[in-house]
Amino acid sequence: MTDDQPSRPAHVPLAGVIGMPIAHSRSPRLHGHWLRRYGIAGHYIPMPVMPEHLAEVLRALPRLGFVGINVTIPHKEAVLTLADAVTDRAALIGAANTLIFRPDGKIHADNTDGYGFIANLRQNAPDWQPDAGPAAVIGAGGAARAVVASLLDSGVRELRITNRTRIRSEQIKAEFGARLVVYDWAQAGNMLEGAATVVNATSLGMEGKQPLRVPLDALSPDALVTDLVYTPLMTPFLLDAQARGCRVVDGLGMLLHQAAPGFERWFGRRPEVDEETRRIVLE
Ligand code: ATR
């Protein structure tokens, strides 16, 4: 034991991800790669956790040598009520994906999805300007909330949103404010007119699901189009946008970048997201 970690057993640092199911998670592969790349003694472990065991697990993990964890479905909302401190952005989004177990035993909850989303755009479209024109977000689930928060934070002046279930976009507007304009799902094509940044934040287009069908006639070839779905990397929506001359950015980078702040906090080194990282996670 060190002086500043009186309640923690001396051990190589442990981190991991909790969810249910968890077998499909790519996070262990990603963090394992970074641990090896930087020669850091540590482990990152996938852990299936049932909702009824969540509180007990969160109490136990720091005592086992865990310095923090990622959180995925279905626990992203519930962990907020169990954390001792919640960042403003996690509170605004209503979900956390990254927990830090502090040496004093307190649990700190953050949401890095929005950071990951923006970092992916900045890396793959370096001249992207958030204030070049309206942003259009398709979808209003948990992932869309993180995207909306980060786009507003980046300086987008008008953010249009549409969702199959309109009430969810109305709810987001009620929480995020005057820069949002809600469009009806049937008007999704109109929403794209003049948009500079277009995001699919629904799960449509994922392998095994229907493609996202939005008429792209109004979409300008100057728009930057991105998709949160990364299986496949090039979704039908991105392929259609690309065929219209738009620049497209796939969603894998968001997964990689959202993981970086947690890795840095737990293991003390900011990891790089590069081609090798992408390759390892895709293998
Ligand atoms: P996540 O946290 O990944 O965003 P979610 O909260 O379940 O997951 O949100 C999924 C998003 O995909 C929602 O915007 C959802 O629309 P609804 O709010 O109407 O459910 C959207 N979505 C999923 N299946 C869809 C479908 N078949 N047609 C249209 N939208 C769909």
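Letter by letter, the sequence shown follows residues 58 to 340 of our numbering. Every residue gets a Cβ at the ideal spot worked out from N, C-alpha and C, and that includes glycine. Small disclaimer: the values here were computed from a predicted structure and weren't measured.
* Just to confirm, are His-88 and Tyr-101 a CB contact at a threshold of 8 Å? -> Looking up residue 88 in the sequence shown gives position 31. Looking up residue 101 in the sequence shown gives position 44. Yes, Cβ-Cβ distance for His-88 and Tyr-101 is below 8 Å.
* Asked: Gly-171 by DSSP, collapsed to three states: which one?
  -> In the sequence shown, counting from the first residue as 1, residue 171 sits at position 114. If DSSP states are grouped into helix, strand and coil, Gly-171 belongs with the helices.
* Selection from Ala-298, Leu-285, Leu-121 and Ala-275 that minimises the alpha carbon distance to Gln-315 -> Within the sequence shown, residue 315 is the residue found at index 258, counting from 1. Considering only alpha carbons, the answer is Leu-285.
* Buried versus exposed, by CB contacts within 10 Å (16 or more), His-110 -> Position 53 of the sequence shown, counting from 1, holds the residue named residue 110. When all chains shown are included, His-110 counts as exposed.
* To do: Pick out whichever of Thr-283, Leu-296 and Arg-327 has its Cα sitting closest to the Cα of Val-306.
  => On the sequence shown, residue 306 is found 249 positions in, with the first residue counted as 1. Of Thr-283, Leu-296 and Arg-327, the residue nearest in Cα terms is Thr-283.
* To do: Could you have a look at Ala-200 and say whether DSSP puts it in helix, strand or coil?
  => Here residue 200 refers to the residue found at position 143 when the sequence shown is read from its first residue. Helix.
* **Environment of Met-311 [buried if 16+ CB atoms lie within 10 Å]** => Looking up residue 311 in the sequence shown gives position 254. So Met-311 ends up on the buried side.
* To do: Grab me the residues of Leu-137's own chain with a C-beta within less than 8 Å of its C-beta, minus the 5 sequence neighbours each way, in chain order.
  => For the purposes of this step, residue 137 is identified with residue 80 of the sequence shown, where counting begins at 1. Val-143, Ala-147, Ala-148, Gly-151, Ala-152, Ala-153 and Ala-166.
* Asked: Which residue or residues does DSSP assign as beta-bridge partners of Arg-304?
  -> Locating residue 304 in the sequence shown gives position 247, counting from the first residue. Leu-281, per the DSSP bridge assignment.
* Compute the distance between the beta-carbons of Pro-191 and Glu-215, then report whether it is under 8 Å. => Taking the first residue of the sequence shown as 1, we reach residue 191 at position 134. Taking the first residue of the sequence shown as 1, we reach residue 215 at position 158. Their beta carbons are under 8 Å apart, which means Pro-191 touches Glu-215 by this criterion.
* Does at least one heavy atom of ligand 1 sit under 7 Å from the Cβ of Ala-197? -> Within the sequence shown, the letter at position 140 stands for residue 197. Because some heavy atom of ligand 1 lies under 7 Å away, the Cβ of Ala-197 counts as near it: yes.
* CB-CB length for Pro-108 against Pro-85, believed under 8 Å -> Sequence index remark: in the sequence shown, residue 108 carries index 51 (1-based). Sequence index remark: in the sequence shown, residue 85 carries index 28 (1-based). That pair is no contact at about 21 Å.
* Check Met-311 in the structure and name its three-state DSSP category. => To locate residue 311, count along the sequence shown from 1; it is residue 254. Per DSSP, reduced to three states, the secondary structure at Met-311 is helical.
* Do the CB positions of Val-357 and Ala-72 come within less than 8 Å of each other? -> Since the first and last residues shown for the chain are 58 and 340, residue 357 lies out of range.
* To do: Rounded to whole angstroms, what's the CA-CA distance from Leu-178 to Pro-318? Just pull it up for me.
  => Against the sequence shown, residue 178 aligns to sequence position 121. Against the sequence shown, residue 318 aligns to sequence position 261. Answer to the nearest angstrom: the Cα atoms are 17 Å apart.
* **Any non-hydrogen atom of ligand 1 within 7 Å of Gln-267 CB** => Here residue 267 is taken as the residue at index 210 of the sequence shown, counted from 1. Checking every heavy atom of ligand 1 against the Cβ of Gln-267, one is found closer than 7 Å.
* To do: For Asp-297, count neighbouring Cβ atoms within 10 angstroms of its own Cβ and tell me buried if that reaches 16, exposed if not.
  => Here residue 297 corresponds to residue number 240 of the sequence shown, with the count starting at 1. So Asp-297 ends up on the buried side.
* Could you give the distance in angstroms between the alpha-carbon of Val-213 and the alpha-carbon of Ala-235? -> Residue mapping note: residue 213 aligns to position 156 of the sequence shown, counting from 1. Residue mapping note: residue 235 aligns to position 178 of the sequence shown, counting from 1. Distance between the alpha carbons of Val-213 and Ala-235: 12 Å.
* Asked: Hey, Leu-349 and Leu-295 are a contact pair by Cβ (cut 8 Å); roughly how many whole angstroms apart?
  -> Since the displayed the chain opens at 58 and closes at 340, residue 349 lies outside it and no answer follows.
* Check whether the Cβ of Thr-377 lies closer than 7 Å to any heavy atom of ligand 1, and answer yes or no. => Lying outside 58 to 340, the shown extent of the chain, residue 377 is not represented and no answer is given.
* Give, in chain order, every unbroken run of the alpha helix (DSSP H) that is at least 4 residues long and sits entirely within the region 76-107. => 84-94
* To do: Give me whichever residues DSSP pairs with Arg-116 in a beta bridge.
  => Position 59 of the sequence shown, counted from the start, is the residue given in the question as residue 116. Bridge partners of Arg-116: none, in fact.
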